[in-house]
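Visitor: In the working numbering, the protein residues as written are 1373 to 1813.
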Ligand SMILES: [Zn+2]
Ligand SMILES: [Zn+2]
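(1) Here's the rule I'm using: 16 or more other beta-carbon atoms within 10 Å means buried, otherwise exposed. How should residue 1492 be labelled?
(2) May I ask you to report which of helix, strand or coil DSSP gives residue 1711?
(3) Which value, in whole angstroms, describes the spacing of the CA atoms of residue 1532 and residue 1727?
(4) Return the chain-ordered list of same chain residues with a C-beta closer than 7 Å to the C-beta of residue 1390, the five sequence neighbours on each side being excluded.
(5) Can you grab the Cα-Cα spacing for the pair residue 1725 / residue 1548, in whole Å?
(6) Among 1625, 1627, 1610, which has the Cα closest to the Cα of residue 1619?
(7) How would you label residue 1344, buried or exposed, when you count the other beta carbons within 10 angstroms and need 16 or more for buried?
(8) I need the DSSP call for residue 1564, collapsed to helix, strand or coil.
(9) Which partner residues does residue 1802 have in the DSSP bridge list?
(10) Could you tell me whether any non-hydrogen atom of ligand 1 is closer than 6 Å to the CB of residue 1627?
(11) Between the Cα of residue 1658 and the Cα atoms of 1720, 1596, 1583, 1705, which residue gives the shortest distance?
(12) I want to check one thing, is the minimum distance from the CB of residue 1444 to the heavy atoms of ligand 2 below 6 Å?
(13) Extract the residue ranges of the beta strand (DSSP E) inside the region 1756-1793, only unbroken runs of 3 or more that lie entirely within it.
(14) Mapping DSSP to helix, strand and coil, what is residue 1456?
(15) When the Cβ atoms of the region 1643-1651 are set against those of the region 1407-1416, are three or more pairs found closer than 8 Å?
(16) How would you write the range of the beta strand (DSSP E) that residue 1727 sits in, first residue to last?
(17) In the DSSP assignment, the alpha helix (DSSP H) including residue 1447 goes from what residue to what residue?
(18) Could you please give me the residues that DSSP links to residue 1574 through a beta bridge?
(19) Return the first residue and the last residue of the alpha helix (DSSP H) that residue 1425 is part of.
(20) For residue 1503, which residues does DSSP report across the bridge?
(21) Does residue 1754 come out as helix, strand or coil in the three-state DSSP assignment?
(22) Quick one: is the Cβ of residue 1545 within less than 6 Å of any heavy atom of ligand 2?
(23) Would you kindly check if the distance between the Cβ of residue 1442 and the Cβ of residue 1411 is under 7 Å?
(24) Using the three-state DSSP reduction, which class does residue 1738 fall into: helix, strand or coil?
(25) At what residues does the beta strand (DSSP E) containing residue 1518 begin and finish?
(26) Between residue 1388 and residue 1486, what straight-line distance do the alpha-carbon atoms span, to the nearest angstrom?
(27) Give me whichever residues DSSP pairs with residue 1654 in a beta bridge.
(28) Under DSSP, the alpha helix (DSSP H) around residue 1543 begins and ends at which residues?
(29) Would you say the beta carbon of residue 1396 is closer than 6 Å to some non-hydrogen atom of ligand 1?
(30) Out of 1773, 1461, 1771, which has the shortest C-alpha to C-alpha gap to residue 1432?
(31) Let's see if you can read the secondary structure: which residues bound the beta strand (DSSP E) around residue 1587?
(32) Could you tell me which of 1729, 1795, 1773, 1777 sits nearest to residue 1314, measuring between CA atoms?
(33) Would you kindly work out how many angstroms separate the C-alpha atoms of residue 1414 and residue 1457, rounded to a whole number?
(34) Nearest by alpha-carbon distance to residue 1739: which of 1710, 1713, 1791, 1732 is it?
(35) Buried or exposed, going by whether 16 or more other CB atoms sit within 10 Å of the CB of residue 1550?
This is the structure in structure tokens:
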């Protein structure tokens, strides 16, 4: 498989003399399997260069699979300038996460409305199909593709692509689930010793990969003031990739304020950290024009033998019960969930929550940890002891990110554990991810 980077910048295109080395175009990566299958990971402004190359130097006909992580601008803005879409006879299958405020097709059409662009999406001559994806395993043109939700203030999926006996994993945009990566009681460095189940699942998703392409927009110092923005610092990425036995790690989604010198220094620090991890992980900062040839080895990765599985959450209305003893917080969460077309009910105490669940079973509970009287943990224990509520998805909200609290939450059976302060888009994305996972079980 050949991997080429056409856009490595995060958030905003940043061309100019200070970004010549690493590039100014936003996210776009080409992955080409030995039989010529074309996979395009994200369609930021880098897709313009890729499209130009395909139409001027490629085969007369172009068939591609465009896998979009999410529909923030820096991941779709190049699509209206992707020239193969303007050629009759070409085909493009576009994939992206379902559960945003519209279908993938609607969102892509939105950025091509007349106000913004002269050609409408449905006027493009190429035959385009749209595929809203959830978390699961897919086979696309003989390529095994697994998807997993990332932690970002929008529905965002990472892709694990397996072809020619190699595994490439693409993980932008994402930030750590927990401030603390390792459990204090375990020796750091293995997937099992990761504290938060979200971070552990993230590590497992990239396990054994030949190449991981990961968001590393920040330094650890910068990340402190940019939490909940949905991006990672390199130290998290390097440690997780090392624990997951990844061979090569490409750091990408470079911050628009980082010039070439800054990124080179970030790369030096990331390499030093990887060396200290001692797993032989090869780390570099991705740059525009970078081309990597991955040679097929033994088939690896647990997903290779998994059957296809998908569960859609787009087709029906879900009922969410929000439990919190702080009225302001309840109002904020309810407003956000109702904008996402959920049916929402509320309870302001643990007892009231259990009563409400007894009367009408919700599809998911958003549960505050610390409440007067019966707290969230006690509610959890009651729910997990009941036959009907044993598997009910529960997303716990808490201001406590310390290890004993996090472990107590997961030990009590929470589906996900979200630390305050969180952003509302981040919370609604986590609700959607929990619902999709619950459908799979
Ligand atoms: Zn981005
Ligand atoms: Zn984003």
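A virtual CB, placed ideally from N, CA and C, is assigned to each residue, including glycine.
Guide: From the atom records:
(1) exposed
(2) The three-state reading of DSSP puts residue 1711 in helix, counting H, G and I together.
(3) 42 Å
(4) 1631, 1632
(5) 30 Å
(6) With distances taken between CA atoms, residue 1619 lies nearest to 1610 out of 1625, 1627, 1610.
(7) No information on residue 1344 is available, as it lies outside the stretch 1373 to 1813 that the chain covers here.
(8) helix
(9) DSSP lists no partner for residue 1802.
(10) For residue 1627, the shortest C-beta to heavy atom distance toward ligand 1 is 6 Å or greater.
(11) 1583
(12) yes
(13) Complete beta strand (DSSP E) runs here, min 3: 1766-1770, 1788-1791.
(14) Helix at residue 1456.
(15) no
(16) Per DSSP, residue 1727 belongs to no beta strand (DSSP E); it is in the alpha helix (DSSP H), 1722-1731.
(17) Residues 1445-1448.
(18) In DSSP, residue 1574 forms no bridge with anything.
(19) 1418-1429
(20) Per DSSP, 1467.
(21) helix
(22) yes
(23) no
(24) strand
(25) 1515-1521
(26) 29 Å
(27) 1620
(28) Premise fails: residue 1543 lies in the beta strand (DSSP E), 1538-1543, not in any alpha helix (DSSP H).
(29) Distances taken from the Cβ of residue 1396 to the heavy atoms of ligand 1 include none shorter than 6 Å.
(30) With distances taken between Cα atoms, residue 1432 lies closest to 1461.
(31) 1583-1587
(32) For residue 1314 there is no data in the structure shown, the boundaries of the chain being 1373 and 1813.
(33) 15 Å
(34) 1791
(35) buried
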